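In mature numbering (1 follows the signal peptide of the UniProt record, and there is no 0), the protein residues as written are -17 to -1, 1 to 306.
Every residue, glycine too, gets a C-beta built ideally from N, C-alpha and C.
None of the values given here were measured: they were computed from a predicted structure.
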Amino acid sequence: MIRFLLASLLLVAISAAVLDHASQFQVFKLKHDKSYKNQVEETKRFNIFKNNLENIAAHNARYEQGLETYTLAANKFADMTPQEFSTRLALQKAVKPKLNNTRTFKMPEGVEAPASVDWRGSAVTPIKNQGDCGSCWAFSLTGSTEGAYALKTGNIVPLSEQQLVDCTMDINYGCGGGYLEENFPYISKKGLQSENSYPYEGVDGKCRYDESNVVTRVDDYVVIANDETALQNAVGTVGPVSVSINADFIQFYESGIFHLSLCYIFGLNHGVLAVGYGSENGTDYWVVKNSWGADWGENGYIRFKRGVNECGIAYDNVYPIIN
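Now the structure itself:
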């Protein structure tokens, strides 16, 4: 009898857990406007969702025990496997020769970077959302150019990612991915239109460049390669910097200072924007603007541990100069 009762209680507990996962899945679908082509696909997505929920709960339990430095949440990517999420990322590795006129960062004599800096509010536009298009590279580039323009003129103007997606197919792959440094000669020659004049659509389209709507061009650009101290000095004294990272492990990031030894510097696959840095309870961090909407992470941002080249953040970065 006792065994029967224990087995019954276990079945009730399992049934309750399944029902809870099912109810959470329904809420998830409504919140993120998810629909699937048939019941087979929906069942597949539910099982992935359930597995992700369990992994997120286990991680957050470790966080409560002081064993992790950041929390996770079941966000809009919760019905995707890590492999599917990784495939979605589309920053291309720079395999072409470096451009001949590239300048490398050198700290000016007598200048010292501040202990902390945050360019949000003075040189950073609101969080944007690239959607299902692999255009992170374009958002990273507009971000650093928006920052340089704002610090030069005092005006914060959102610039057009869609222009880069549509009009640089000789350099990039549109929604299939792109580069960072290799695009600045184009921005120098053609300039970037405002987002209002060339709004984001999140799909590859025909180039509709209109020179009369160009907000700014760049005069030069500076590369920072494999030097986290130089990156800090640049962000601290110049402004926001376009950075490359390995984003495979930040799918469910919610809050805190991200640190994971598995996040290697190799396989850089996502372009983002370093907008500041600071320290919290003795831990140094970067403030990084993402392009996955304000409902991801810390209102669209992530903090990476600083000083350890977290996820390859120091490996391959660039910022423009506007004279």
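Check, Outcome
"Select from Y298, T136, E164, H242 the residue whose C-alpha is nearest the C-alpha of T212.", "Y298"
"Rank I296, V198, C116, S123 by C-alpha distance to the C-alpha of N273 and give the top, closest one.", "S123"
"Taking its Cβ as the centre, do 16 or more other Cβ atoms sit within 10 Å of N21, making it buried, or is it exposed?", "exposed"
"Which of helix, strand or coil does DSSP assign to G239?", "strand"
"Start and end of the beta strand (DSSP E) containing R200?", "Counting along the chain, R200 falls outside any beta strand (DSSP E), and DSSP gives it neither H nor E."
"Taking DSSP as the reference, what is the three-state secondary structure of H4?", "helix"
"Can you say whether residue 311 is buried or exposed, counting buried as having 16 or more other CB atoms within 10 angstroms of its CB?", "Residue 311 lies beyond the range of the chain shown here (-17 to 306); nothing can be said about it."
"What are the boundary residues of the beta strand (DSSP E) that T266 is part of?", "266 to 272"
"Can you tell me which of V224, S143, M90 puts its alpha carbon nearest to the alpha carbon of G130?", "V224"
"Go ahead and pull the three-state DSSP assignment for D149.", "helix"
"Alpha carbon to alpha carbon, what distance is there between D187 and residue 307?", "In the structure as shown, the chain begins at -17 and stops at 306. Residue 307 is therefore absent and cannot be evaluated."
"Taking DSSP as the reference, what is the three-state secondary structure of Y53?", "strand"
"On the three-state DSSP scale, how would you describe A230?", "coil"
"Please report the distance separating the alpha-carbon of V107 from that of E67.", "30 Å"
"Please report the distance separating the alpha-carbon of R289 from that of Y46.", "19 Å"
"With a threshold of 6 Å on Cβ separation, who are the neighbours of K17 within its own chain once the five nearest residues in sequence on each side are excluded?", "none"
"Start and end of the beta strand (DSSP E) containing I285?", "284 to 288"
"Ignore the nearest five residues each way along the sequence and tell me which others in S238's own chain have a CB closer than 6 Å to its CB.", "T54, E281"
"Hey, how far is the Cα of G160 from the Cα of A73?", "4 Å"
"So, under 8 Å CB-CB, S127 and Q176 are touching, yes? Tell me the CB distance rounded to an integer number of Å.", "The Cβ separation is near 16 Å, so there is no contact."
"Relative to the C-alpha of C91, which residue among T220, V140, E165, H253 is closest?", "In the sequence as displayed, the identity of residue 91 is Pro instead of Cys. When each option's Cα is compared against that of P91, the closest is T220."
"Can you say whether K89 is buried or exposed, counting buried as having 16 or more other CB atoms within 10 angstroms of its CB?", "exposed"
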